[in-house]
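2 protein chains.
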Amino acid sequence: MKAVIRLGQYVEILERLSPDKEYISSQELAELSGVTSSTVRQDFFYFPCLKGKTKKGYKVEELKENIIKILGLEKPKKIIIIGAGKIGTALSQYKDFKKLNIQFLAFFDIKESLIGKKRNNIPVYHLNSLESFIKKNPDVEIATIAVPESSAQQVVDKVIKAGIKAIWNFSPIIIKVPEDVLVEYEFVGTSLYNLIYLMKISREK
Amino acid sequence: MKAVIRLGQYVEILERLSPDKEYISSQELAELSGVTSSTVRQDFFYFPCLKGKTKKGYKVEELKENIIKILGLEKPKKIIIIGAGKIGTALSQYKDFKKLNIQFLAFFDIKESLIGKKRNNIPVYHLNSLESFIKKNPDVEIATIAVPESSAQQVVDKVIKAGIKAIWNFSPIIIKVPEDVLVEYEFVGTSLYNLIYLMKISREK
DNA sequence: TAGATTGTTAATCGATTAACAATC
DNA sequence: TAGATTGTTAATCGATTAACAATC
Numbered sequence: 625m626k627a628v629i630r631l632g633q634y635v636e637i638l639e640r641l642s643p644d645k646e647y648i649s650s651q652e653l654a655e656l657s658g659v660t661s662s663t664v665r666q667d668f669f670y671f672p673c674l675k676g677k678t679k680k681g682y683k684v685e686e687l688k689e690n691i692i693k694i695l696g697l698e699k700p701k702k703i704i705i706i707g708a709g710k711i712g713t714a715l716s717q718y719k720d721f722k723k724l725n726i727q728f729l730a731f732f733d734i735k736e737s738l739i740g741k742k743r744n745n746i747p748v749y750h751l752n753s754l755e756s757f758i759k760k761n762p763d764v765e766i767a768t769i770a771v772p773e774s775s776a777q778q779v780v781d782k783v784i785k786a787g788i789k790a791i792w793n794f795s796p797i798i799i800k801v802p803e804d805v806l807v808e809y810e811f812v813g814t815s816l817y818n819l820i821y822l823m824k825i826s827r828e829k
Numbered sequence: 625m626k627a628v629i630r631l632g633q634y635v636e637i638l639e640r641l642s643p644d645k646e647y648i649s650s651q652e653l654a655e656l657s658g659v660t661s662s663t664v665r666q667d668f669f670y671f672p673c674l675k676g677k678t679k680k681g682y683k684v685e686e687l688k689e690n691i692i693k694i695l696g697l698e699k700p701k702k703i704i705i706i707g708a709g710k711i712g713t714a715l716s717q718y719k720d721f722k723k724l725n726i727q728f729l730a731f732f733d734i735k736e737s738l739i740g741k742k743r744n745n746i747p748v749y750h751l752n753s754l755e756s757f758i759k760k761n762p763d764v765e766i767a768t769i770a771v772p773e774s775s776a777q778q779v780v781d782k783v784i785k786a787g788i789k790a791i792w793n794f795s796p797i798i799i800k801v802p803e804d805v806l807v808e809y810e811f812v813g814t815s816l817y818n819l820i821y822l823m824k825i826s827r828e829k
């Protein structure tokens with residue numbers, strides 16, 4: 625559902641408000657997130673706990689907490705990253721994740737020169753130790769795939785064999801997974817191609 | 625339009641097909657891209673040049689070339705990256721971009737230790753030299769914003785002052801730009817939050 | 001011919017926007 | 001009170017899916 629996607633963006637925006645802002649109107653939140661106030665109210669209407677006050681708006685702290693609960697972010701989420709390259713490391717640095725209880729526990733790679741070291745203060749282990757790591761840390765729920773496309777499917781197979789049921793995939797291919805495994809794709813090129821298309825269209829007008 | 629987003633994905637898939645595959649059916653392309661064959665045909669119907677052959681499907685090379693033209697990728701696109709950190713460097717490495725004529729000409733940063741060096745064989749210049757660089761390279765059309773949120777708006781202002789009309793924004797805030805400037809956002813957290821929400825929902829079922 | 005696949009129209013579904021009564 | 005803003009319904013818009021005749 626599209627509303628859920630926006631809820632995530634709303635949280636990030638709410639995180640950034642000055643701490644003395646007590647209430648925010650649907651109009652204000654709409655402007656900050658690039659949608660209409662109607663959309664904001666409709667999004668909130670969908671979830672009964674997201675209630676505002678007439679003439680005032682929505683209580684920032686309360687709103688944030690409730691959205692966090694809806695999204696399932698109230699408990700820490702433990703994540704591993706397969707591939708300790710540029711993308712993987714960049715992700716582990718993202719500040720909003722820390723604020724939202726999202727924890728990156730470990731990198732896995734096969735490049736000997738990286739193994740045993742730390743990246744962004746997170747240890748890098750050999751891919752071979754993945755299964756034993758998951759056994760020791762059964763609360764790891766998500767694996768991020770940040771490896772080249774040539775090894776993506778193999779790595780996914782290993783991750784699934786180790787018992788992971790949710791995959792965040794940065795490799796640019798559609799991966800094959802059993803029915804009970806959730807996958808979210810992050811295609812980096814997509815928005816750039818769209819931008820280039822929009823440039824072409826606006827030139828033609 | 626959603627169809628355009630998918631066209632970009634189709635190209636990436638077509639790029640990966642074995643070179644001896646002459647025709648591809650809407651059914652096959654659909655499976656590889658995770659949509660229905662009906663959607664594929666509807667997407668193509670929207671653009672008169674995307675025609676197939678009854679009983680055979682679409683000629684791979686022809687299809688690819690025509691989509692590339694629709695997307696405006698037939699001529700090289702020159703791009704600069706502001707911020708030579710992990711995200712910026714990761715982007716510049718992405719292989720599909722090279723295949724699709726997308727060229728990263730330079731990084732700009734303010735960190736003295738980086739300036740004058742190369743990252744991924746692309747030179748890093750000081751942000752102060754941005755305007756003169758654009759003057760010398762007026763064919764640069766897009767600026768990628770890969771700096772921390774605290775400096776994102778400032779950097780955007782500089783980029784616009786230098787004459788850039790299209791921005792690919794990786795900073796997690798809504799930026800303010802004049803009406804004639806196009807912006808595409810890449811919110812990394814979004815798909816992860818959605819994945820976590822889907823995990824919550826599937827547990828509740 | 002029989003079967004496969006496109007091209008296209010129509011039906012369905014979902015998301016966004018508009019509108020406004022209710023409320024404080 | 002007058003004005004602002006929510007909560008909610010209805011209208012609109014766009015995207016997806018279904019269906020199938022036409023074609024090779």
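For the protein sequence lines, the chains are U and H, in the order given. Residue numbers for the first sequence follow the working numbering, beginning at 625 and rising by one. Residue numbers for the second sequence follow the working numbering, beginning at 625 and rising by one. All C-beta atoms in this analysis are idealised placements derived from N, C-alpha and C, irrespective of residue type, glycine included. It should be emphasised that the depicted structure is a prediction, and the values quoted were computed from it without experimental measurement.
* **Cα-Cα separation between residue 736/U and residue 709/U, rounded to whole angstroms** => Here residue 736/U refers to the residue found at position 112 when the first sequence is read from its first residue. Here residue 709/U refers to the residue found at position 85 when the first sequence is read from its first residue. Approximately 13 Å between the Cα atoms of the pair.
* To do: Could you please give the first and the last residue of the uninterrupted alpha helix (DSSP H) stretch that includes residue 627/H?
  => Counting from 1 along the second sequence, the entry for residue 627/H is found at position 3. Element bounds for residue 627/H: 626 to 640.
* **Simplified DSSP state of residue 801/U, which is helix, strand or coil** => On the first sequence, position 177 is the one that residue 801/U refers to. Looking at residue 801/U - three-state DSSP - the assignment turns out to be coil, as it is neither helix nor strand.
* To do: Below 7 Å between beta carbons is the criterion; list the residues of the region 694 to 705 of chain H that meet it against any residue of chain U, in chain order.
  => 695, 696, 697, 701
* Asked: For residue 793/U versus residue 769/U, is the C-beta distance shorter than 8 Å?
  -> Residue numbering aside, residue 793/U sits at position 169 when the first sequence is read from its first letter. Residue numbering aside, residue 769/U sits at position 145 when the first sequence is read from its first letter. In this structure, residue 769/U lies closer than 8 Å to residue 793/U by Cβ.
* Who are the near neighbours of residue 755/U in its chain, counting only those whose CB is closer than 6 Å to its CB and skipping five residues on each side? -> Here residue 755/U refers to the residue found at position 131 of the first sequence. If we look at residue 755/U and ignore the five residues flanking it on each side, its Cβ neighbours are 786.
* From residue 665/H to residue 671/H, what does the alpha carbon distance come to, in whole angstroms? -> Mapped onto the second sequence, residue 665/H falls at position 41. Mapped onto the second sequence, residue 671/H falls at position 47. Roughly 10 Å between the two C-alpha positions.
* Asked: Helix, strand or coil: which one does DSSP assign to residue 744/U?
  -> Stepping through the first sequence from its first residue, residue 744/U is reached at position 120. Three-state result, residue 744/U: coil.
* Note down the Cα distance separating residue 653/H from residue 634/H, rounded to an integer number of angstroms. => For this step, residue 653/H is matched to residue 29 along the second sequence. For this step, residue 634/H is matched to residue 10 along the second sequence. Their backbone Cα atoms lie some 7 Å apart in a straight line.
* Are the beta-carbon atoms of residue 795/U and residue 767/U separated by less than 8 Å? -> Within the first sequence, residue 795/U is the residue found at index 171, counting from 1. Within the first sequence, residue 767/U is the residue found at index 143, counting from 1. Result no, Cβ atoms of residue 795/U and residue 767/U do not sit closer than 8 Å.
* Compare the beta carbon distance of residue 798/U and residue 658/H with 8 Å and say whether it is the shorter of the two. => Mapped onto the first sequence, residue 798/U falls at position 174. Mapped onto the second sequence, residue 658/H falls at position 34. A contact, by the Cβ cut-off of 8 Å.
* **Residues of the region 810 to 826 of chain U with Cβ closer than 9 Å to any Cβ of chain H, in chain order** => 810, 811, 812, 813, 814, 815, 816, 817, 818, 819, 820, 821, 822, 823, 824, 825, 826
* Hey, residue 771/H and residue 706/H are a contact pair by Cβ (cut 8 Å); roughly how many whole angstroms apart? -> For the purposes of this step, residue 771/H is taken as the residue at position 147 of the second sequence. For the purposes of this step, residue 706/H is taken as the residue at position 82 of the second sequence. Between residue 706/H and residue 771/H the Cβ distance is about 6 Å, and since that is below 8 Å, they are a contact.
* **Beta bridge counterpart(s) of residue 819/U as assigned by DSSP** => Taking the first sequence and counting its residues from 1, the one referred to as residue 819/U is at position 195. Partner(s): none; residue 819/U has no beta bridge.
* Asked: For the alpha helix (DSSP H) that residue 690/H lies in, which residues bound it at each end?
  -> Position 66 of the second sequence, counted from the start, is the residue given in the question as residue 690/H. Start and end: 684 to 695.
* **For residue 809/H, three-class secondary structure by DSSP** => Translated into positions along the second sequence, residue 809/H becomes position 185. Three-state result, residue 809/H: strand.
* Going along the chain, which unbroken runs of the beta strand (DSSP E) with 3 or more residues stay wholly within the region 715 to 789 of chain U? -> 726 to 733, 746 to 750, 764 to 769
* **Short CB-CB distance (under 8 Å) between residue 656/H and chain U** => Residue 656/H sits at position 32 when you count from the first residue of the second sequence. Answer yes: the Cβ-Cβ gap between residue 656/H and chain U drops below 8 Å somewhere.
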